[in-house]
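Heads up: the structure comes next, in structure tokens.
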Amino acid sequence: MVARAAAEDRVLLTQDRGLLMRRALPHGALVRGDRPGEQLADVLDRFTVPLAPLTRCTACGAALHPVPKAEVAGLLEPGTRRTVQDFSRCAGCGRVYWRGAHAARIDALVERARRAGRGRQG
């Protein structure tokens, strides 16, 4: 993670103080909070971050792009193939994504963060 953050000129957000102490890491920040909502609030308090949930691969960080169901149907479990219509694929590693049961929770978390951000700005 340190090498990748340095190579891509990214800020590494972590709760691991040991990672932040590595000389090879040019930019890093300690994320405070135990729950995702607390962690998100902490990051948004310190950084200007565009909120674009479910648009990046959780494995490699590359952008997700919509793909036709037929293109990924062979990679899906039967229940997913039967019940889900819209899919995205990672441009970097090829993983397939769709809005699962977790998506509503993520949407709610992001909406709370957006509302909190408006409160801090005004």
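Residue numbers (this note's numbering): -9 to 112. Here a beta-carbon is modelled for each residue, glycine too, at the ideal position from N, C-alpha and C. Note that this is a predicted model, so its numbers are computed, not measured.
Run of the beta strand (DSSP E) containing residue i, from where it starts to where it stops
| i | result |
| --- | --- |
| residue 4 | 2 to 4 |
| residue 57 | 54 to 57 |
Residue i - containing alpha helix (DSSP H), residue span
| i | result |
| --- | --- |
| residue 20 | Segment 18 to 20 is the beta strand (DSSP E) holding residue 20; no alpha helix (DSSP H) there. |
Interface flag, residue i vs chain C, CB-CB below 8 angstroms
| i | result |
| --- | --- |
| residue 34 | Absence of chain C from the displayed structure is noted, only one protein chain being present. |
DSSP state of residue i mapped onto helix, strand, coil
| i | result |
| --- | --- |
| residue 103 | helix |
| residue 79 | strand |
| residue 39 | coil |
Spatially closest choice to residue i from the options, by CA coordinates
| i | options | result |
| --- | --- | --- |
| residue 67 | 83, 88, 50 | 88 |
| residue 13 | 69, 105, 64, 2 | 2 |
| residue 86 | 74, 97, 96, 94 | 74 |
Rounded separation between residue i and residue j - CA only
| i | j | result |
| --- | --- | --- |
| residue 33 | residue 61 | 36 angstroms |
| residue 36 | residue 4 | 14 angstroms |
| residue 101 | residue 15 | 32 angstroms |
| residue 44 | residue 52 | 11 angstroms |
| residue 56 | residue 48 | 16 angstroms |
| residue 103 | residue 18 | 22 angstroms |
| residue 83 | residue 50 | 7 angstroms |
| residue 7 | residue 99 | 26 angstroms |
| residue -4 | residue 72 | 42 angstroms |
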